[in-house]
Amino acid sequence: MEENINVIKPKYKPEIQQRLNLVMECFSDFDLYEELASLSKTTIYTSWLQFLDLHFKKLEDNYRLYFAALNYLMADDYFITKQTQLELDRSLCFMKAVVNTNLQLKTELLTQCIVQIACFYGKHPQRLSVYASLLAKQQTTLNDLSSCCHLHRFLFGGNFSVPGFIDVTKTNLPEFKRRVLAVIFEERSLRTTFPSWRLSKQEAHLLQYTGIRLKHTSYLSRYDTLTHYLIVVRLLKAFPGKLNEIVQLLKWTKSWENRHLERFNTDMAFWEEIIRFYLTHSREKLDFDFYIYLDFIEYKRYLSPKTAGKYSLKGRTIQSLNLAMEKWHRIGYLEADQEGEPITWKSCNLKWIDHEIDGTRYVIEEIKDSKTLFDESKALKHCVYSYLPDCIRSYSSIFGLRIEENGVFKPCCTIELRRNKVVQFLGENNRDPYEEERRILKEWVELNNLTIDIF
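Per the numbering used here, residue 44 is the first one in the sequence shown, and the count goes up by one each step.
Written as structure tokens, this is what we have:
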């Protein structure tokens, strides 16, 4: 890209050219451009192949990469398939400048991005930055998709961005994400290209231009799929400017995990209620961290035999919610069916610990049946019994820290383990653990090669 990019124009008689120039000046004043007929796909494809044959040897890696990228783009509805002669000339002139920089490309996908940038210039030459030639002297390699995105933004400006469910640190993508990236590189509408997503214009704009990225959290399962992003932009439309608050709340809820996502998606109005309640009442007014309220709210909405599908936050105050939750911690699980044989599940087979601090003995033992889990929840007045479905499916493992009193071990703290990470460690009424309890937990974690994701 060091040399100037010259546009090849057809020649006309002077008087005709003068009139055409006048018409084009009028078009330019109103940001309009002439509409010319697109070339046939065969003509376009042949012209690009001739360009490759002229500038590369067929056994070169670059030839192979460009040839594969060209075939991919020609097989669909991208800019390259609808070029006019003028757009084609511009694109190939741009590509000649790219070839002269000896730009190093690693994969077919990165090469595809360069071809799309050339075609974008062919269609929108007025967008090219005046600093493009300066960049060309410095750009010698593209390491990943992020580099391609930076190049696009530098050359053409705008707020070009890639939704977070596409990992721009990669050099290759699965087919669906590759298709999405190709559409974004041409700054086309995701809403019209993917009508099955059912996005409004505002939601599509939020997804395509605000650079939303949902980071992976070890506390929950991975939550950066397309469906997660579609939900976030719908919530962001309802609560503008509250992205951080929305994401924080979603991290705390079980319904945000992949296995519950369909339930979340079909119950969007209820989740808007929760977010509105959370945003309305500052954390100073809440008796507990909000994730503790969410355990109660989700149980009442989805698991309780009496209120499943009917529970709502409409008309509730902080005071009424606190009273209801405190009662639930004391006796709420008595509504669950406790008759019959306890449900059991597979053990993690971790090593136990028997520790003494200042003459007081502590042990950590695994909870492996529904009755013990119920007793733990009742004794410590918290919601761990609502994790029964997770225990049965091996999504969570629950352990109890016991303290010896008068020769009997009694519950003092509950531990939740997910994917070899301790993600919750709470005492009675969800109190924070004491220092000696933390010391015992850390010793148990080291003994079993686990990690802690809470302190």
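For each residue, glycine too, the CB sits at the ideal point set by N, CA and C.
TODO: Would you kindly work out how many angstroms separate the C-alpha atoms of Lys100 and Arg256, rounded to a whole number?
DONE: As a first step, residue 100 is located in the sequence shown; it is residue number 57 there, counting from the start. As a first step, residue 256 is located in the sequence shown; it is residue number 213 there, counting from the start. If you take the alpha carbons of Lys100 and Arg256, they lie about 41 Å apart.
TODO: Let me know the secondary structure DSSP gives Leu493 once reduced to three states.
DONE: Counting from 1 along the sequence shown, the entry for residue 493 is found at position 450. Residue state, collapsed to three classes: coil.
Open item on the list: I need the straight-line Cα distance from Lys149 to Thr214, nearest angstrom please.
Closed with: Counting from one through the sequence shown, the residue named residue 149 turns up at place 106. Counting from one through the sequence shown, the residue named residue 214 turns up at place 171. Roughly 8 Å separates the two Cα atoms.
Open item on the list: Which of the three DSSP states is assigned to Tyr321 in this structure?
Closed with: Here residue 321 is taken as the residue at index 278 of the sequence shown, counted from 1. Three-state result, Tyr321: helix.
TODO: Have a look at Phe417, Gln245, His425 and His398 and flag the residue whose alpha-carbon is nearest the alpha-carbon of Asp475.
DONE: Looking up residue 475 in the sequence shown gives position 432. Answer by Cα proximity: His425.
- [ ] Return the CA-CA distance between Ala351 and Arg344, expressed in angstroms with no decimal places.
- [x] Translated into positions along the sequence shown, residue 351 becomes position 308. Translated into positions along the sequence shown, residue 344 becomes position 301. Taking the straight line joining both Cα atoms gives about 5 Å.
TODO: Assuming Val276 and Leu249 form a contact by the criterion Cβ under 8 Å, report the distance between their Cβ atoms to the nearest whole angstrom.
DONE: Residue numbering aside, residue 276 sits at position 233 when the sequence shown is read from its first letter. Residue numbering aside, residue 249 sits at position 206 when the sequence shown is read from its first letter. The pair is a contact, with the Cβ atoms about 4 Å apart (cut-off 8 Å).
- [ ] Alpha carbon to alpha carbon, how far is Leu273 from Ser239? Give it in angstroms, no decimals.
- [x] Within the sequence shown, numbered from 1, the residue matching residue 239 stands at position 196. Within the sequence shown, numbered from 1, the residue matching residue 273 stands at position 230. One C-alpha to the other measures close to 11 Å.
Task: Residue range of the alpha helix (DSSP H) that includes His195 - done: Counting from 1 along the sequence shown, the entry for residue 195 is found at position 152. Note, His195: alpha helix (DSSP H), Leu188 to Phe199.
Task: Inter-stretch contact (C-beta, 8 Å, three-pair minimum) for the stretch 158-175 and the stretch 131-141 - done: yes
Task: Nearest-angstrom Cα separation, counted from Asn472 out to Asn492 - done: Indexing the sequence shown from 1 puts residue 492 at position 449. Indexing the sequence shown from 1 puts residue 472 at position 429. If you take the alpha carbons of Asn492 and Asn472, they lie about 29 Å apart.
Open item on the list: By the three-class DSSP mapping on this structure, what secondary structure does Gly435 have?
Closed with: Locating residue 435 in the sequence shown gives position 392, where the first residue counts as 1. The residue asked about is misnamed: residue 435 is Ile in this sequence, not Gly. Helix at Ile435.
Open item on the list: Among Leu278, Gln291, Asn301 and Phe333, whose alpha-carbon lies nearest the alpha-carbon of Ala312?
Closed with: One-based indexing of the sequence shown puts residue 312 at position 269. The residue with the shortest Cα to Cα distance from Ala312 is Leu278.
Task: Contact between the stretch 120-131 and the stretch 78-91 (3+ Cβ pairs under 8 Å) - done: yes
Open item on the list: Helix, strand or coil, according to DSSP, for Gln126 in the structure here?
Closed with: Indexing the sequence shown from 1 puts residue 126 at position 83. Of the three classes helix, strand and coil, the one that applies to Gln126 here is coil, per DSSP.
Open item on the list: Between which residues of its own chain and Leu356 is the CB-CB distance below 6 Å, once the five residues before and five after are set aside?
Closed with: The count along the sequence shown starts at 1 and reaches residue 356 at position 313. Closer than 6 Å at Cβ, skipping near neighbours: Glu316 and Phe320.
Task: Element boundaries [alpha helix (DSSP H), containing Lys453] - done: Position 410 of the sequence shown, counted from the first residue, corresponds to residue 453. Lys453 -> not in any alpha helix (DSSP H); beta strand (DSSP E) instead, spanning Val451 to Arg461.
- [ ] Look at the alpha carbon of Glu478 and the alpha carbon of Asp210, and state the distance between them as a whole number of angstroms.
- [x] Position 435 of the sequence shown, counting from 1, holds the residue named residue 478. Position 167 of the sequence shown, counting from 1, holds the residue named residue 210. Approximately 40 Å between the Cα atoms of the pair.
Open item on the list: For Glu480, tell me which candidate among Ile400, Glu419 and Ile410 has the shortest Cα-Cα distance.
Closed with: Counting from one through the sequence shown, the residue named residue 480 turns up at place 437. When each option's Cα is compared against that of Glu480, the closest is Ile400.
Open item on the list: If I measure Cβ to Cβ from Asn49 and keep anything under 8 Å in the same chain, skipping five residues before and after, which residues do I get?
Closed with: Against the sequence shown, residue 49 aligns to sequence position 6. Low per-residue confidence applies at Asn49: pLDDT is 42, beneath 50, and the placement is therefore not dependable, though the value from the model is reported in the following sentence. Cβ within range, chain order: Cys136.
- [ ] Give every residue of the same chain whose Cβ lies closer than 8 Å to the Cβ of His303, excluding the five residues on either side of it in the sequence, and list them in chain order.
- [x] What you label residue 303 is simply residue 260 of the sequence shown in a count that begins at 1. Within the same chain, His303 has close Cβ partners Lys297.
Open item on the list: Considering only the alpha carbon of each residue, which of Ile335, Trp371 and Asn365 lies closest to Lys349?
Closed with: If you number the sequence shown from 1, residue 349 lands on position 306. When only C-alpha atoms are compared, the closest one is Trp371.
Task: Own chain, CB closer than 8 Å to Asp119, minus 5 neighbours either side, in chain order - done: Taking the sequence shown and counting its residues from 1, one reaches residue 119 at position 76. Within the same chain, Asp119 has close Cβ partners Arg222 and Ala225.
- [ ] Report yes if the CB atom of Val142 is closer than 8 Å to the CB atom of Ala161, and no otherwise.
- [x] Translated into the one-based positions of the sequence shown, residue 142 becomes position 99. Translated into the one-based positions of the sequence shown, residue 161 becomes position 118. Cβ distance not < 8 Å, so Val142 and Ala161 don't count as in contact.
Open item on the list: One question on the structure: do Asn308 and Thr270 come within less than 8 Å of each other, judged by their Cβ atoms?
Closed with: Your numbering for residue 308 matches position 265 in the sequence shown. Your numbering for residue 270 matches position 227 in the sequence shown. In this structure, Thr270 lies closer than 8 Å to Asn308 by Cβ.
Open item on the list: Tell me which residues share the same chain as Lys485 and place their Cβ nearer than 8 Å to its Cβ, disregarding the 5 neighbours each side in the sequence.
Closed with: Taking the first residue of the sequence shown as position 1, residue 485 is located at position 442. Cβ within range, chain order: Ile495.
- [ ] Tell me whether the beta-carbon of Ile386 lies closer than 8 Å to the beta-carbon of Ser413.
- [x] As a position in the sequence shown, residue 386 is number 343, starting the count at 1. As a position in the sequence shown, residue 413 is number 370, starting the count at 1. Contact flag set, yes.
Task: Phe163 beta carbon less than 8 Å from that of Phe208 - done: Numbered from its first residue, the sequence shown carries residue 208 at position 165. Numbered from its first residue, the sequence shown carries residue 163 at position 120. Contact flag unset, no.
Open item on the list: Rounded to the nearest angstrom, what separates Pro57 and Lys244 at their Cα positions?
Closed with: Taking the sequence shown and counting its residues from 1, the one referred to as residue 57 is at position 14. Taking the sequence shown and counting its residues from 1, the one referred to as residue 244 is at position 201. Going by the C-alpha atoms only, they are around 46 Å apart.
- [ ] Measure the alpha-carbon distance for Lys464 versus Thr89 and round it to whole angstroms.
- [x] Translated into the one-based positions of the sequence shown, residue 464 becomes position 421. Translated into the one-based positions of the sequence shown, residue 89 becomes position 46. Their Cα atoms are separated by approximately 57 Å.
Task: Length of the line joining the Cα atoms of Ile361 and Glu288 - done: For this step, residue 361 is matched to residue 318 along the sequence shown. For this step, residue 288 is matched to residue 245 along the sequence shown. Cα to Cα, Ile361 sits roughly 19 Å from Glu288.
- [ ] Determine the contact status of Ile318 and Leu292, defining contact as a CB-CB distance below 8 Å.
- [x] Numbered from 1 along the sequence shown, position 275 holds the residue referred to as residue 318. Numbered from 1 along the sequence shown, position 249 holds the residue referred to as residue 292. Yes, the Cβ-Cβ distance between Ile318 and Leu292 is below 8 Å.
Open item on the list: Just to check my reading of the structure: Ile396 and Leu490 have Cβ atoms closer than 8 Å, yes? What is that Cβ distance to the nearest angstrom?
Closed with: Walking along the sequence shown from the start, residue 396 turns up at place 353. Walking along the sequence shown from the start, residue 490 turns up at place 447. Contact flag correct, Cβ pair sits at about 6 Å.
Task: Of the listed residues Ala367, Phe468 and Trp388, nearest to Pro432 (C-alpha basis) - done: Taking the sequence shown and counting its residues from 1, the one referred to as residue 432 is at position 389. Nearest of Ala367, Phe468 and Trp388 to Pro432, Cα basis: Trp388.
- [ ] Look up Val173 in the DSSP assignment and say whether it is helix, strand or coil.
- [x] Within the sequence shown, residue 173 is the residue found at index 130, counting from 1. In this structure, Val173 counts as coil in the three-state DSSP scheme.
TODO: Spell out the partners DSSP gives His248 in its beta bridges.
DONE: Within the sequence shown, the letter at position 205 stands for residue 248. None, per the DSSP bridge assignment.
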